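Student: In the working numbering, the protein residues as written are 5 to 879.
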Ligand code: GLY
């Protein structure tokens, strides 16, 4: 039997000291939220923070590193508490080699640590390797001396976690003894029961897997070791499961005390106790690493874990708030490994308590509904809960759908997940539609009891206290994730929409909540309010929030605003003093300026305006803000907007000698910050009103790049360079002209051939030569040209030609003077011909044109022409 017993803390330290002794750099655990890795929601293995070191994209601080990493995995959440070894949160001990040592050292050191440092009996240890890994087999067998029958080849000994570094692995199992096994004659390493416990995994990281599942060999071979701290502790402490070790059991003891329960008496009770112990650790670490409960991503993982724990408390008969109080026990366990958690104690506790209270408020009702549904399903002999009921539990009672499913599965029932998803989609659609296109409509409640005049906008403010908040038009004291609210702060650095300038957007960070500000507006008295959505956590009336306006957007808007003042001045300079601002829109993307002017602006004038503004930008003139009286402002010649109301004290934006304007907007400190100014549109927006749209800064850059791309694409189409485009297009026009001429010549040739053919078909009617026929013509002019040619060749006589053009029939008829003298009449004949083809028309005796709708009637038209001509000649 084992001699050495270590606490979890001692084991962690022993591991890290051992690898420090093998020249590893020991680093603290990375946070649970991955940095720069969109493929992972949460860190789930010791190697995850080191992916870039493994692939060689970034150089590690040392080629040997060792850590004890906080990990969260929820793939096996249903097994937590049911087996001895599954967790959502666990600590992974790891030693890593980045192109340094490889299989031999990793195997020898793993073996040395387990058998020498931890004094595990080698007879208890079993080795697995990848089916094809003869190299690992030889090291284990020939060098370490493990008997061949204790080295098992397994096809699935390949380790990977999403895209990234991966490779074959060699896992070490500890045999906990027959008494811990399932009793099956087949029970062996790899059996699902608790007898053989995987305690160490050596990954020979030699491939990089991409998103499509392709494996590329890595230039340098690496080692990634993952060893579960809780599992090894359970072996060393000779406990039947991880839950009885000092890393978890104190939490179980605490819950037993709270619920007056006994551990080890009832299987179901034990499962719930273990679930709570596991989840209590997870939630503490997740919240400590900055995650807040929400309905998306990591926040949802946390919410699910936390609410699952609340429900297991309920299963144990605990209906009070209890989870928040487990934190102190959790922190005692983690104090040595993760001291930062202890520092955040009250914050973590507050987050747990709030989420717990929120779910407790609806849990009983939700369970009642679910139990009723379960009874009804059973009575009706059905096995699947409708998706819309599951959605109601989610939406109204806050049941993560996985929790509903779990409860159903305990009753051998299932859930219609597709129906649930459909209900979720429908609700999102409804919410989107209700929200309208642009913004959430927030009705303003009665704010008369507030001292709003004391609220201020300060560009440099970093924090503000919540003076009022409301939801759907009613004041409220708190809001939680998913709520869309309006907020008034005593101080804000968010500029409120006004004077043509858009309102700021950004974030407000509450003590345990994150809000996305989607608009900042002004109340009728001029004070600002923020329209925001609580994205995570919650927010309370009176609390102080950190102000995080989107600074890049704010800066871009300020550039456009100052440029608008420069444009105003330039317009007066170039077009004349009659120019006056009539309206403007200043946003981060572009500026729009409407002004009075009575004629179109020429290209030269536009260039002059653009140049004048750019000259002021390049002059790098400092700007200044002056607060003064209205009359003083007038005296100094400051421009005021016609029809705008100003208070007695006004704010004047001064740009050197160039511009002085009354304005409440945000501006750059120096015109050089604008970068550049580019007019992109000039138009009329009413009588005597023109509009200029322009870009500055990055806006211009993007616009120019877009123009460049267009030119590039056009050049590619013409298989040339942009600088050669003009020459190439001129050459193409020239070529086109030549081709048109050639076509004309060919058409004439064709027409001549057709005319000769028609002449051969010439008939005589009462001594008059007559040609009636169908020809191919591209348009009416072409048909007329053929007729002219035919008439010239005939010398005297009558002709009528038909041609199908655009699925219709065109007719032309001509009579020479001698034919007219005999009674022929082009207009009369063509009228009857056109009628036969469903059309109409007419004309003079010598020439007429007409159209018909039905090409299939051309023969009938020609017959009608003959008969009509005959009558004309007879008369
Ligand atoms: N990266 C090795 C393991 O998680 O088992």
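By construction, the Cβ of each residue, glycine as well, lies at the ideal position given by its N, Cα and C atoms. Being a predicted model, the structure only gives us computed values, none of them experimental.
Nearest by alpha-carbon distance to residue 617: which of 607, 662, 168, 351 is it?
Tutor: Ranking the options by Cα distance to residue 617, first place goes to 662.
Student: Going by the CB atoms, is the gap between residue 561 and residue 888 shorter than 9 Å?
Tutor: Lying outside 5 to 879, the shown extent of the chain, residue 888 is not represented and no answer is given.
Student: Does the beta-carbon of residue 688 have 16 or more other beta-carbons within 10 angstroms, so that it is buried, or is it exposed?
Tutor: Residue 688 comes out exposed.
Student: Assign residue 820 to buried or exposed, taking buried as 16 or more other Cβ atoms, counted over all protein chains shown, within 10 Å of its Cβ.
Tutor: Per the 10 Å Cβ criterion, buried.
Student: Examine the ligand GLY and report whether any of its heavy atoms sits within less than 8 Å of the Cβ of residue 140.
Tutor: It does not: the Cβ of residue 140 is nowhere closer than 8 Å to a heavy atom of the ligand GLY.
Student: What is the DSSP secondary structure of residue 715, counted as helix, strand or coil?
Tutor: Note: residue 715 maps to helix in three-state DSSP.
Student: Which runs of the beta strand (DSSP E) spanning at least 3 residues fall entirely within the region 503 to 533, listed in chain order?
Tutor: Listed in chain order, they are 510 to 514, 517 to 526.
Student: Tell me whether residue 670 sits in a helix, a strand or coil according to DSSP, three-state version.
Tutor: Residue 670: coil per DSSP, three-state reduction.
Student: Identify which residue in 525, 192, 500, 549 has its Cα closest to the Cα of residue 516.
Tutor: Of the listed residues, the one whose Cα sits closest to residue 516 is 549.
Student: Please list, in chain order, all residues of the same chain as residue 443 whose beta carbon is under 6 Å from its beta carbon, the five residues on each side excluded.
Tutor: Summary for residue 443: the model assigns pLDDT 48, below 50, so the residue's position carries little reliability, and this model does not support an answer.
Student: Any idea if residue 8 is buried or exposed, counting beta-carbon neighbours within 10 angstroms, 16 or more meaning buried?
Tutor: Exposed, since its Cβ has fewer than 16 Cβ neighbours within 10 Å.
Student: Which residue wins for smallest C-alpha separation from residue 671, given the options 768, 557, 729, 60?
Tutor: It is 557.
Student: Quick check: what's the CA-CA separation for residue 597 versus residue 497?
Tutor: For residue 597 and residue 497, the distance between alpha carbons rounds to 26 Å.
Student: What did DSSP end up calling residue 757 once you bin it into helix, strand or coil?
Tutor: Looking at residue 757 - three-state DSSP - the assignment turns out to be helix.
Student: Any chance you could list the beta strand (DSSP E) runs of at least 3 consecutive residues sitting entirely within the region 203 to 245, in chain order?
Tutor: Entirely contained in the region 203 to 245, the beta strand (DSSP E) runs reaching 3 residues are, in chain order, 219 to 232.
Student: Quick one: what's got a C-beta closer than 6 Å to residue 646's C-beta in the same chain, skipping five residues either side?
Tutor: In this prediction, residue 646 has a pLDDT of 48, which is less than 50 and means its spatial position is unreliable; what the coordinates show is noted afterwards. None.
Student: Assign residue 190 to one of two classes, buried (16 or more other C-beta atoms within 10 Å of its C-beta) or exposed (fewer than that).
Tutor: Classification of residue 190: exposed, given that the 10 Å Cβ count is below 16.
Student: Would you check if there are 3 or more beta carbon pairs closer than 8 Å linking the region 40 to 54 to the region 133 to 146?
Tutor: Touching, no.
Student: Any idea which residues DSSP pairs residue 537 with across the strands?
Tutor: Its beta-bridge partners are 488, 520.
Student: For residue 619 and residue 574, I'd like the C-alpha separation in whole angstroms.
Tutor: So the alpha carbons of these two residues sit roughly 10 Å apart.
Student: Report yes if the C-beta distance between residue 492 and residue 535 is below 9 Å; otherwise report no.
Tutor: The answer is no: Cβ separation not under 9 Å.
Student: Could you pull the DSSP bridge partners for residue 808 from this structure?
Tutor: Answer is 813, bridged to residue 808.
Student: So, under 8 Å CB-CB, residue 103 and residue 67 are touching, yes? Tell me the CB distance rounded to an integer number of Å.
Tutor: Confirmed, Cβ separation roughly 6 Å.
Student: Residue 391 and residue 425 - do their beta-carbons sit closer together than 9 Å?
Tutor: Against a cut-off of 9 Å, the Cβ pair of residue 391 and residue 425 comes out as a contact.
Student: Could you have a look at residue 779 and say whether DSSP puts it in helix, strand or coil?
Tutor: Coil at residue 779, not helix or strand.
Student: I'd like the span of the alpha helix (DSSP H) that includes residue 198, first residue to last.
Tutor: Looking at the DSSP string, residue 198 is not in any alpha helix (DSSP H), and its letter there is neither H nor E.
Student: Within the continuous beta strand (DSSP E) that includes residue 769, where are the two ends?
Tutor: First-last of the beta strand (DSSP E) with residue 769: 767 to 769.
Student: At the level of alpha carbons, what is the spacing between residue 874 and residue 743?
Tutor: In a straight line, the C-alpha of residue 874 is about 44 Å away from that of residue 743.
Student: If you run the structure through DSSP and keep just helix, strand and coil, what is residue 640?
Tutor: Three-state DSSP puts residue 640 in coil, outside helix and strand.
Student: Just confirm the distance between the C-beta atoms of residue 827 and residue 879, as a whole number of angstroms; I'd bet it's less than 8 Å.
Tutor: Contact holds; Cβ gap of about 6 Å.
Student: Quick check on the burial criterion: 16 or more other C-beta atoms within 10 angstroms. Buried or exposed for residue 896?
Tutor: An answer regarding residue 896 cannot be provided, because it is not within the stretch 5 to 879 covered by the chain.
Student: Tell me the DSSP secondary structure of residue 443 in three-state form.
Tutor: Low local confidence applies: a pLDDT of 48 at residue 443 is under 50, so the model's placement there is unreliable, with the coordinate-based value given in what follows. Coil, per DSSP.
Student: Would you call the region 105 to 122 and the region 205 to 219 touching, i.e. three or more CB-CB distances under 8 Å?
Tutor: The region 105 to 122 is in contact with the region 205 to 219.
Student: Taking the DSSP output, what are the residues bridged to residue 483?
Tutor: DSSP, once it has assigned bridges, lists 543 as partnering residue 483.
Student: Can you tell me whether residue 229 sits near the ligand GLY, meaning its C-beta is under 8 Å from at least one heavy atom of the ligand?
Tutor: Yes.
Student: Note down, in chain order, each residue of its chain lying with its Cβ closer than 8 Å to the Cβ of residue 683, except the 5 sequence neighbours on either side.
Tutor: Excluding residues within five positions, the ones whose Cβ falls inside 8 Å are 610, 613, 614, 696, 697, 698.
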